[in-house]
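Working notes for the structure below.
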Ligand SMILES: Cc1ncc(COP(=O)(O)O)c(C=O)c1O
Ligand SMILES: Cc1ncc(COP(=O)(O)O)c(C=O)c1O
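Protein chains in written order, with the working numbering: chain A, 21 to 453; chain B, 21 to 453.
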């Protein structure tokens, strides 16, 4: 037993040693938010309490916390907390699935029982730069990925509302039934905010469900200085907001919020007598299980509740403003430094997308330069991984060769870390064959 | 700051004090598995490592662990690990959704792109005592809850294979396309094991996807003594198995396993260039994100890996056999004790369902007795909750008034705890007005 305890400890140490230190201030690889210690403590306590969120009777404190944390989120969105609804989901992708499912249910409640064969052919809309989970939801729900239409974006990555309306009209002409449009508030790659007010108008005009995927950008609602980028979000029917991104909660912590109470229950309840008896000795409206497509549900809320209590609204405001300041600093430095080229000239959020063009190839013909550029970012990243100094993501997009996507979301980042990254990219980039 | 630290600590203490101690050996309320300390340590380390399972590059160790843990599970099921596939899902309900979605995809791959309108009207089958998440998956996927047919069970809660085959034939006659049948291995309420071999034969004959929901019973595969109850599981196309139930892993830890590799990827991949670039400096087949309907994915595997390492196969065997022995003990005691009536005379698993009939009502007419019985279990449970001594679930079923469902899944349970529960039920039951 002693021996096995030592073995287990060794395993744990190995795992921490061999793992990627995603909490490191020079890990810029994904929408990763560093390691917040209060959140971590919250997760530890959650593990110790080891309960399940489906009924009030076994998770009374956490169910009440979920309600109170959601109330703060509803208020931040601008909704009446007396009328709103929501559920914590295992990630933004599933939250988006909840939203689309509820939208279908509202329009055609019979689809729950009789499926898609019995109703008109539905279609939905999202920008070409939105997260792939919207298309995925359309596939899973039996609507079909091809009936989720990509709306073009402008040069800043924002959905073009005119293009949306034109597509809705075209779909109607073709006999389809448009039912759902998604705006992204903080897009995954470019950090763009779609024009919510204008899309809300279009949705009203054509009677579409208006969903805002603020998985990444939702936290900006907590900064009075930057909140205006989400103006109009209060007109949404549903909002996805991931505290496990900008708010720094540990994975997983994601909410799907609804302006109108009741729908989530109607849409998802399956009358499981064995869990959700109506003759319990307490107010059974606290049982959340009947609203979920999950049965067992992990307690994702406690760590967020604890962080929020610890930082307060003011703490979050400062945290977000600080990250925005760092992003502006980084953008400025990129602009000043030779060889760097921004993809979007004036980023609005914490994503900064850019190429590094090594001096050797700066004077090539556009076509050749492009072909060479495609290979530069992967090579620079491989160099970083070999050195083990830093990590940043890259990708191509439909018209552009591979570029870096810098994400500034870790509280621990300093200006020095950003300067270091720039130096490292130049250094590795210039040393390439 | 000091003040705030004290405040936070106090909050944590309050939460633990006010919460329901689900790890307590006298908490028998749900399929809850006590608090395993190794699993808890695993969850703590997971929180500290705080990574995301979507790509190998940021979670190399955990991705490899997921593969190796799944290989053990495939072997336990009886599959060739070279050909099998799987994914960890946030709970058995979502795992069942994965399975049904993959089954649809295999039969009609175009449904991913063109939705349900473009394919025949599908229907699926599950026993009337199966978990509600099967019906829920059918609703979410756009097949429709009503096209998920409930097959009757026998007096032991097992699906009647003749009834399944008759229903399949009837559906075909009506122009429907049967595509998926689910057997439950360890049903939620009665702990029954459906006859897998016989259903496998029917699925082969009618070319249906054969899914086994072993969310609860899967752990029995680790006991050579009791494994025979799942004979035939190796013929399944997919299996849901929740280590967060019988294997004692903390919530959430659930796997959806597939006999055949490749399908999960074809069904769920959405070609997200920004995450799953093909020009990375490592074997990108390790990136699991493209198989998932989630994007960010919590690391649910480490705690299980650690427990398994700590207990070994032999440890799990003993753990499960011990629980089965306790269940047999409890059943015997219930049979001996006046006033108790078993719903299923010889339970096969860790669920023991029974009424307590207080002496006052033992001699009533059947109809009146039934009406009185309906109220007894809720009152006894309310009494327990008031006393704070123990907790056990109850529910009605289609033909029976409220009865208790005892679940023996916590390692910490002793015979004394079981004796205590019996005494407590008698005590409260006899004191009722
Ligand atoms: C047989 C069966 N399948 C599926 C589930 C759902 O599992 P989860 O609660 O992990 O979603 C349960 C839960 O009790 C179950 O008993
Ligand atoms: C805009 C957007 N929506 C949804 C998601 C999916 O969230 P999750 O990874 O929590 O499933 C992401 C993830 O990066 C995202 O950026």
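Yeah, the Cβ is synthetic: ideal placement off N, Cα and C, and Gly gets one too.
- Under the 10 Å beta carbon count, residue 279(B) is surrounded by 16 or more other beta carbons and is classified as buried.
- The three-state secondary structure of residue 105(A), taken from DSSP, is strand.
- Residue 201(B) is bridged by DSSP to 145(B), 230(B).
- The three-state reading of DSSP puts residue 341(A) in helix, counting H, G and I together.
- Among the residues of the region 86 to 120 of chain A, those with a Cβ less than 7 angstroms away from any Cβ of chain B are 110, 111, 112, 113, 114, in the order of the chain.
- By the neighbour-count definition (other C-beta atoms within 10 Å, threshold 16), residue 156(A) is a buried residue.
- It is roughly 38 angstroms from the alpha-carbon of residue 149(A) to the alpha-carbon of residue 71(A).
- Taking a contact to require three or more Cβ pairs closer than 8 angstroms, the region 217 to 226 of chain B and the region 175 to 182 of chain B qualify as touching.
- When the five nearest sequence neighbours on each side are left out, the beta carbons in the same chain lying within less than 6 angstroms of the beta carbon of residue 191(B) are those of 143, 198, in order along the chain.
- For residue 206(A), the closest Cβ of chain B is not nearer than 8 angstroms.
- Counting other Cβ atoms within 10 Å of its Cβ, residue 425(B) reaches 16 or more and is therefore classed as buried.
- DSSP assignment within the region 397 to 438 of chain A yields the following whole beta strand (DSSP E) runs of 3 residues or more, N-terminal first: 411 to 415, 423 to 427.
- A straight-line Cα-Cα distance of about 48 angstroms links residue 138(A) and residue 69(B).
- Shown here for residue 325(A): same chain residues with a beta carbon closer than 8 angstroms to its own, the five before and five after excluded, namely 62, 85, 88, 89 in chain order.
- Looking at the DSSP output, residue 210(B) sits in no beta bridge, so it has no partner there.
- From the beta-carbon of residue 32(B), the residues of chain A found nearer than 7 angstroms are 65.
- Three or more beta-carbon pairs separated by less than 8 angstroms link the region 271 to 291 of chain B to the region 122 to 135 of chain B, which places the two stretches in contact.
- Scanning chain B for C-beta atoms nearer than 9 angstroms to the C-beta of residue 165(A) yields 132, 133, 134, 135, 290, reported in chain order.
- For the region 255 to 270 of chain A, the residues whose beta carbon sits under 9 angstroms from a beta carbon of chain B are, in order, 262, 264, 265, 270.
- Sequence-distant partners of residue 196(B) (beyond 5 residues in either direction) whose C-beta falls short of 8 angstroms from its own C-beta, in its chain, are 140, 141, 142, 143, 167.
- Assignment of residue 388(A) by DSSP, reduced to helix, strand and coil, places it in the helix class.
- With a threshold of 7 angstroms, the Cβ atom of residue 206(A) counts as near ligand 2, since some heavy atom of the ligand is closer than that.
- In the three-state reduction of the DSSP assignment, residue 179(A) falls in the strand class.
- Counting other Cβ atoms within 10 Å of its Cβ, residue 244(B) stays below 16 and is therefore classed as exposed.
- Distance from residue 64(A) to residue 64(B) at the Cβ level is roughly 5 angstroms; contact confirmed, criterion being Cβ atoms closer than 8 angstroms.
- Between residue 399(A) and residue 452(A) a beta carbon distance of about 6 angstroms is seen, short of the 8 angstroms cut, so the two are scored as contacting.
- Under the three-state reduction of DSSP, residue 346(B) is assigned to helix.
- Between the C-alpha atoms of residue 378(B) and residue 416(B) there is a straight-line separation of about 18 angstroms.
- In this structure, the straight-line span from the alpha carbon of residue 215(A) to that of residue 175(A) is close to 14 angstroms.
- For residue 116(A), the CB falls within less than 7 angstroms of some heavy atom of ligand 2.
- Taking a C-beta distance under 8 angstroms as the contact criterion, residue 373(B) and residue 381(B) do not qualify as a contact pair.
- Note that the region 343 to 363 of chain B touches the region 421 to 439 of chain B; at least 3 beta-carbon pairs, one per stretch, sit closer than 8 angstroms.
- The beta-bridge partner set that DSSP reports for residue 376(B) consists of 360(B).
- Relative to ligand 2, the nearest heavy atom lies less than 7 angstroms away from the CB of residue 314(B).
- With a cut-off of 7 angstroms, the C-beta of residue 262(A) is classified as near ligand 2, since at least one heavy atom of the ligand falls inside that distance.
- A heavy atom of ligand 1 is found nearer than 7 angstroms to the CB of residue 112(B).
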